[in-house]
Structure formats: structure tokens, C-alpha cells
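These protein sequence lines are chains A and B, in that order.
Mind the numbering: the first sequence is residues 0 to 178 in numbering that gives the first Met the number 0, read in order.
Mind the numbering: the second sequence is residues 0 to 451 in numbering that gives the first Met the number 0, read in order.
By construction, the Cβ of each residue, glycine as well, lies at the ideal position given by its N, Cα and C atoms.
I have placed the structure first, in the form of C-alpha cells, so that the comments after it can refer back to it.
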Amino acid sequence: MKYLYVAAAPEVSLEDQRMVSGFLKNEFGLPVREMEIPALDFAYDGTRRQYSSVAVLEMLARLSPAGAAKLLAVTDRDLFVPVLTFVYGQAQLNGRVGVFSLARLRQEFYGFAPDRAVLVERAAKEALHETGHLFGLVHCAERTCAMSLATNIRQIDSKQPAFCAPCRARLTRTKGVLA
Amino acid sequence: MKNRWQILVVDDEEVMCESLAAWLREDGYAVDTAASGHEAIDKTRQRDYAIYFVDLKMPGGMDGIETMMQVRRIRPDASIIIITAYATVDTAITAMKEGAQEYIVKPCNPEEISLLVSRIVKVKNLQRENTILRKKLSRQYVVQDIVTKNARMRDILALCQEVASLRSTVLIQGESGTGKEMIARVIHNCGDRAQKPMISVSCAALAETLLESELFGYEKGAFTGAAELKRGKFELADGGTIFLDEIGDIPAKLQVDLLRVLQERSFYRVGGSQEVRVDVRVIAASHVNLQQAVSEGKFREDLYYRLNVIEIRIPPLRERREDVPLLARYFLERLSHELGKDVREISEGALKLLMDYNWPGNVRELENSIERAIVTCKNDELTEDSFAFLAMNGNAGRAWTPPAGMSLQEMEKVLIVSTLQRTNGNIKESAGILGIDRSTLYEKIKRYEIQR
Chain A
0 MKYLYVAAAP EVSLEDQRMV SGFLKNEFGL PVREMEIPAL DFAYDGTRRQ YSSVAVLEML
60 ARLSPAGAAK LLAVTDRDLF VPVLTFVYGQ AQLNGRVGVF SLARLRQEFY GFAPDRAVLV
120 ERAAKEALHE TGHLFGLVHC AERTCAMSLA TNIRQIDSKQ PAFCAPCRAR LTRTKGVLA
Chain B
0 MKNRWQILVV DDEEVMCESL AAWLREDGYA VDTAASGHEA IDKTRQRDYA IYFVDLKMPG
60 GMDGIETMMQ VRRIRPDASI IIITAYATVD TAITAMKEGA QEYIVKPCNP EEISLLVSRI
120 VKVKNLQREN TILRKKLSRQ YVVQDIVTKN ARMRDILALC QEVASLRSTV LIQGESGTGK
180 EMIARVIHNC GDRAQKPMIS VSCAALAETL LESELFGYEK GAFTGAAELK RGKFELADGG
240 TIFLDEIGDI PAKLQVDLLR VLQERSFYRV GGSQEVRVDV RVIAASHVNL QQAVSEGKFR
300 EDLYYRLNVI EIRIPPLRER REDVPLLARY FLERLSHELG KDVREISEGA LKLLMDYNWP
360 GNVRELENSI ERAIVTCKND ELTEDSFAFL AMNGNAGRAW TPPAGMSLQE MEKVLIVSTL
420 QRTNGNIKES AGILGIDRST LYEKIKRYEI QR
């Protein structure tokens, strides 16, 4: 039996990890397991004061359990890839490991008061988005689909925490998930 | 459709290269990477990349500007984006002067790259659409526009190029929908008449009198309603090519007139007494077997031989099934773009179904079937279900039942005769198709008294 693993970095609360596991379990219909990963200090870039998602993915690939169909990690650290100022998350396209960050999904990041409901909805969208990449989905032109490209928080907020019909069909047809 | 455009990311820092490539792949683009300018040039020679991201500072004696200049020599249409961590006004000016489309400083905002690439892709899609429309408008088909890997079709295309600049008449025979007019246009466009007009006339579409005035024109007052002089298609095609489609349907009287034009290169307008001389190359086409029409007395033998100086027989699609997947993918890409639908894939099952179908309407039927499947497609892939309508046409499979009461020897004779007809009597090719050696084929031809 292959599992969908949800890994949490130490700074992520158990409640937030359960929240992400819950989304994926409901959406993908695969058994979900949870695990912890070490702190991401090794991926810290002092100049940028951010964490390299490329380095995180390399670590996840090493730590991924044998029974993991896919592994999605959650962190509260702000992620980047070298060529971009930041990323909400990164996943190997049609690969095994991915990561996303809660940092820029929080209202506090933009100077607003914390809002749990907003965070939960944004996290659901990001979790689906990166897991969709793990199952081979590329960005979708439908702006409300979880797989549409978001490069700012407004675009994340205008998505739905669900796949559009063609993306759902693709997942069902090619990966046998979402059945 | 994004995945048509290929991107090359050139950066000596692997992590830079791979992270940008991965980010673009998530966006649906086909992305390759190169670790140096030299590798980028090698890859450019092998593949047609539309967009390049080139790092400005690279070691190995070839920096980003030099790489860009060499790429532009090989691919002048490519869009090149220079990326650098060390931006100065001077480098930016140099990059833009040497032809960079954009100059960006890393790390850059994801939104900036996303907008930049989508803007370039939008322009490239418009340019491509413009080229297709222009080609469609002028129908400037060349050999490269014929999609095939079939040996007989390749021979035909080679023949088209060989005879393109001759004035000799060409007779193209083939079933409806095999692309006779397209082959005629290839011949016209590859020859030294390409800058002159190619005029097409469907001989089956018009009544005898109309066809006569259509081909040869008429003088003012030639008949009621002839208020002014009208030039016919032969005159309009002067210096170029006239394509006479469905020549087998031409009435007997006009066969004589046509024979005269072919012999004398001159004719009279309807109602006229002055001879009109033209320099026209004639390409005729027929879906019926003209040789048979001659033997049945329906077509003049002398006209047949005048037309049949260079003969081209286009095989039906069922005899070049290896072209079906190629054509299906070609039509899928072209039509999904034209119809504004994001259908990108065709499943293996669907291709197998298309390969097994007999295609009585040939390439035209395949094109129409792909269009119908795209229009009704609910997602991004054509599957077997998309072509369910073909099964209703009643000849979905290759299954064929021989006539009852036929002996094995009669069957063998029929098969040999039809194979020889298909290969224009080519023994080597026929023996190859039949799976026997040439001496055995000669022996059977002799035994069954088959006329070659």
C-alpha cells in the first residue's frame, strides 16, 4: 500500500499538519500518513533571509519513506528559488516530493490581524496545488482552479480550494486518484 | 496552447538553471537547460527553441551577449531574455542593442517572469497564426507542408521537385481527399512559375457551356448576357499554372478544345475569331481511373496521352497507414489552435482506432474527423470515445470478406494484379508488398497471364 505523506517542519503546529492531511485525504482518496522532518536551518540563506526550497526538496528526497507515493512537506519558513524573490511552494513535476510554506499565506505577513479561516482556505489551495504538480498537473488556465498559477496573494484568494473538471479528469484518468 | 513553444535556460550555475526550468515546467512549458554558451549553441542546432533565458555572466570565453548573438544567427526569430545578478546600465543597453527582448535582474518577482513569458508566447502565437493564415490565403504549399513518412509519398514529393520547373503536363490520379490539389500546388510553388498565378478549375462543378466560357472566356456579345469581354481561366493563368480538377468529368466537345490548347498553346474565346496565345502549364487531376475511362470510350485516348506526360498516383490513406498518427497529431495541433480549444493530446487507443479505420474519404475525412472530435472534446485529450462516430460509418475495421466461390488461385491473381496496379507495375516494390521474391512474382505473372 502506497501512502500520501504529509511532513511537518518543527515550527508547524500539529493542528496545522492535521489540517493539511485532512485536505489531501478528502481530495485525493489515498491513505495519508504524517511524519516530522528536521528544522530547515541548513537551507537558510543569510543574504536573502529566506530558505532555499531547492535544498529542502533535496532533503525530502533523502527522507522520503519507501512506502510514500508522494510526500508533501509544510513549513512556516519563507521559501525561495535562486532566480525568484520568493515561492509559495515547489514540487517535483510528476515526482515524489514537494514543499509549501504557510509564511506568505498568513494575513500577518501583509500587516493584517491574524485570521485562521483565511489561512486554512489558502493552505488548502496550496496543498492541492503542489500535490497536483506531484501527480503531473501543470498550471491550469482556469483562474478558479487550484492548479492555476498564483504569483501574488490576490491570485491565491481568487482560486477555489478544488480542482476544475478537466484537471480532476486528468488526475482520474492518468493517476487513478480522485476516483 | 503553451507546450508548443520550447524554452532553453542557459546558466553555468546548475541550481539557478534547474530552479528556473522547474518553475517554467510547472507552468506547462517544455524546458531544456544548458550549462554554458557552447552547450546552448549545440542544443540550438538540434532543436527549435522559441524562448531563451541566458545568464549574462558565464565562464568559458562565451558570455551571455556572445551566446545571444550566436543564437540569433541560427534562430533569428527566437526571443532572448538576458538575466543577471549584476545589473548595470551599460550591460542593459548592450543586451538590448544586440537584440535581447528583455533584460531582467535576478532574483526577480515570479509575477514579472510569468507575465514576461506569457506576453512573449502571446506574440509568438499571433505570429504563428498570421503565418498559417497567410499560407492558407495564398495556399503557398511547399514540400515541407506535406506530412508523410511513407516511401511512395516521398518518391512523389521528390518527383514533384524534379518536374516543378518543366512545362510538361502532369496528371495526378488519386481517390477523393488524397490531396491532389495540394500536390499540384507543391509542383507550382517549387518551380520557376511560383511567382505567377495558379488557377484552379473544378471541371465537375460546371455545365458544358459554362465550363467552356469559364476556361476560354468570351467576347462581348458572344451570347445573351455577355455584356463585356471576359477572360477565361487559361488567360488568367498565363505564365503560371492551370489546375484542372476532375478532368474525367469534362464533356466530349471540350476534350477536343482542350487537346487543341495542349497541342497549340492557343485557343479562341467563345464567340471570338482572334487566336489567344498563352504560356500555361497544365496540371490535371482525376479521382476516376482515366486509363479505364479511355478503354470504356468515355475519355479521348489522344487527350489522355497528352495529359499523362508525367503521371502521379497518390496512394489512398489506407495504403499509407503509417502516416495516420503523424497526420492526426498535425491536424490536432493546427485545428485545436484554430478552433481555440486547448486539446493537446491524443491517446494511444485513439491512434490505434484511427490506424485501423479504412478512411474512404482519405486525408480530408481524417482532418474532418479530428475537427469533429476536438469540437466535442470535454477535456484536453482525444480518446477512443472521441471517435465513436467512426464506428457508425460502417467500415471501422480492416475486416474484408472475399466474394463467395472464389478459388485460392483466383484470389492470388486478383491480389497480384491490384498490387501491380498500385505500384505502377514496379516488380521490386510489388514483390516486397506481397512478401515473395521477384523471381516468384515473375513466375506467377507468367502463370496467370497478367498484363503489366
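Check the Cβ-Cβ distances between A140 (chain A) and every residue of chain B, and say whether any is below 8 Å. Against chain B, the CB of A140 (chain A) has a partner CB under 8 Å away; the residue lies at that interface.
Quick check: what's the CA-CA separation for I80 (chain B) versus R127 (chain B)? Cα-Cα distance, rounded: 20 Å.
How about V73 (chain A) and V5 (chain A): are their beta carbons less than 8 Å apart? Yes, they are a contact pair.
Apply the 10 Å Cβ neighbour rule to M197 (chain B) and answer buried if 16 or more other Cβ atoms are within range, or exposed otherwise. A residue is called buried when at least 16 other Cβ atoms come within 10 angstroms of its Cβ; M197 (chain B) meets this threshold and is buried.
Compare the beta carbon distance of A254 (chain B) and R299 (chain B) with 8 Å and say whether it is the shorter of the two. The sequence given here places Gln at residue 254 (chain B); Ala does not occur at that position. Against a cut-off of 8 Å, the Cβ pair of R299 (chain B) and Q254 (chain B) comes out as a contact.
Mind checking who K229 (chain B) pairs with in its DSSP beta bridge? K229 (chain B) pairs with B:Y217.
Can you tell me whether M410 (chain B) is buried or exposed? The criterion is at least 16 other CB atoms within 10 Å of its CB, across all chains shown. Only exposed fits M410 (chain B), as fewer than 16 other CB atoms lie within 10 angstroms of its CB.
Nearest neighbour of I152 (chain A), chosen from A:A164, A:K124 and A:R169 [CA to CA]: Of A:A164, A:K124 and A:R169, the residue nearest in Cα terms is A:K124.
So S157 (chain A) and R167 (chain A) are supposed to be a Cβ contact under 8 Å. How far apart are they, rounded? Contact flag wrong, Cβ pair sits at about 19 Å.
Taking 8 Å as the CB-CB cut-off, is R76 (chain A) touching chain B? No, no contact with chain B.
Top-ranked residue by Cα proximity to D256 (chain B), from B:F215, B:R280, B:G247 and B:I241: Scanning B:F215, B:R280, B:G247 and B:I241 for the CA closest to the CA of D256 (chain B) turns up B:F215.
Cα-Cα, which of B:G339, B:L261 and B:Q172 is closest to A292 (chain B)? Answer by Cα proximity: B:Q172.
Taking the straight line between their C-alpha atoms, what separation do you get for H132 (chain A) and C139 (chain A)? Approximately 11 Å between the Cα atoms of the pair.
Enclosing alpha helix (DSSP H) for I415 (chain B) [first to last residue]: L407 to R421 is the extent of the alpha helix (DSSP H) around I415 (chain B).
Could you tell me which chain A residues have their CB closer than 8 Å to the CB of P109 (chain B), listed as they occur along the chain? Residues of chain A with a Cβ closer than 8 Å to the Cβ of P109 (chain B) are, in chain order, L83, T84, F85, V86 and T150.
Could you say if the stretch 161-179 of chain B and the stretch 203-220 of chain B meet the contact criterion of at least three C-beta pairs nearer than 8 Å? Below 8 Å, too few C-beta pairs join the stretch 161-179 of chain B and the stretch 203-220 of chain B to call them touching: fewer than three.
Beta-carbon spacing of I246 (chain B), C202 (chain B) below 8 Å: Result yes, Cβ atoms of I246 (chain B) and C202 (chain B) sit closer than 8 Å.
So what does DSSP say about R276 (chain B), is it helix, strand or coil? Three-state result, R276 (chain B): strand.
Proximity to Y217 (chain B) [Cα-Cα], best of B:G176, B:V269 and B:K443: Comparing Cα positions, the closest option is B:V269.
Would you report the Cα separation of P165 (chain A) and E380 (chain B), rounded to the nearest angstrom? Within the model, the alpha-carbon separation for P165 (chain A) versus E380 (chain B) is close to 10 Å.
Relative to the C-alpha of M69 (chain A), which residue among A:N25, A:A112, A:L29 and A:A145 is closest? Before going on, a small fix: residue 69 (chain A) reads as Lys here, not Met. Cα-wise, what sits closest to K69 (chain A) is A:L29.
Using DSSP bridges, identify the partner residues of A29 (chain B). Paired residue(s): B:Q5.
In angstroms with no decimal places, state the Cα-to-Cα distance between E33 (chain A) and Q16 (chain A). Each residue's Cα considered, the two are about 8 Å apart.
When you compare each of B:T147, B:D41, B:F52 and B:A84 to I119 (chain B) by their alpha carbons, which one comes out closest? Closest by alpha carbon: B:F52.
Could you tell me which of B:A86, B:T83, B:R343 and B:R333 sits nearest to V146 (chain B), measuring between CA atoms? Of the candidates B:A86, B:T83, B:R343 and B:R333, the one whose C-alpha sits nearest the C-alpha of V146 (chain B) is B:R333.
With distances taken from CA atoms, which of B:G36, B:P314, B:K443 and B:S346 is nearest T422 (chain B)? Comparing Cα-Cα distances from T422 (chain B) to each of B:G36, B:P314, B:K443 and B:S346, the minimum goes to B:P314.
Spatial neighbours of S78 (chain B) within its chain, please: CB distance less than 6 Å, with the 5 preceding and 5 following residues excluded, ordered by chain position. The residues are I50, Q100 and I119.
With a threshold of 6 Å on Cβ separation, who are the neighbours of L56 (chain A) within its own chain once the five nearest residues in sequence on each side are excluded? If the five residues before and after L56 (chain A) are omitted, its C-beta is found closer than 6 Å to the C-beta atoms of V96, all from its own chain and listed in chain order.
Please report the Cβ distance between K148 (chain B) and E207 (chain B), rounded to the nearest whole angstrom; I am assuming they are in contact, meaning their Cβ atoms lie under 8 Å. Contact doesn't hold; Cβ gap of about 43 Å is too wide.
DSSP puts D44 (chain A) in a beta bridge; with which residues? Beta-bridge pairing links D44 (chain A) to A:Q49.
List, in order along the chain, the chain A residues whose C-beta lies closer than 9 Å to that of W22 (chain B)? Listed along chain A are V80, V82, L83, V86 and Q89, each with a C-beta nearer than 9 Å to that of W22 (chain B).
In this structure, does DSSP put M29 (chain A) in helix, strand or coil? As written in the sequence, residue 29 (chain A) is Leu, which differs from the Met given in the question. In the structure shown, L29 (chain A) adopts coil according to DSSP, grouped into three states.
Any beta carbon of chain B sitting closer than 8 Å to that of V96 (chain A)? False, the Cβ-Cβ gap to chain B never drops below 8 Å.
Identify whether E141 (chain A) lies in helix, strand or coil by the three-state DSSP scheme. Residue state, collapsed to three classes: coil.
Taking Cβ-Cβ distances shorter than 9 Å, what residues in chain B pair up with V53 (chain A)? Listed along chain B are V14, E17, S18 and A21, each with a C-beta nearer than 9 Å to that of V53 (chain A).
CB L365 (chain B) to CB A327 (chain B), shorter than 8 Å? In this structure, A327 (chain B) lies closer than 8 Å to L365 (chain B) by Cβ.
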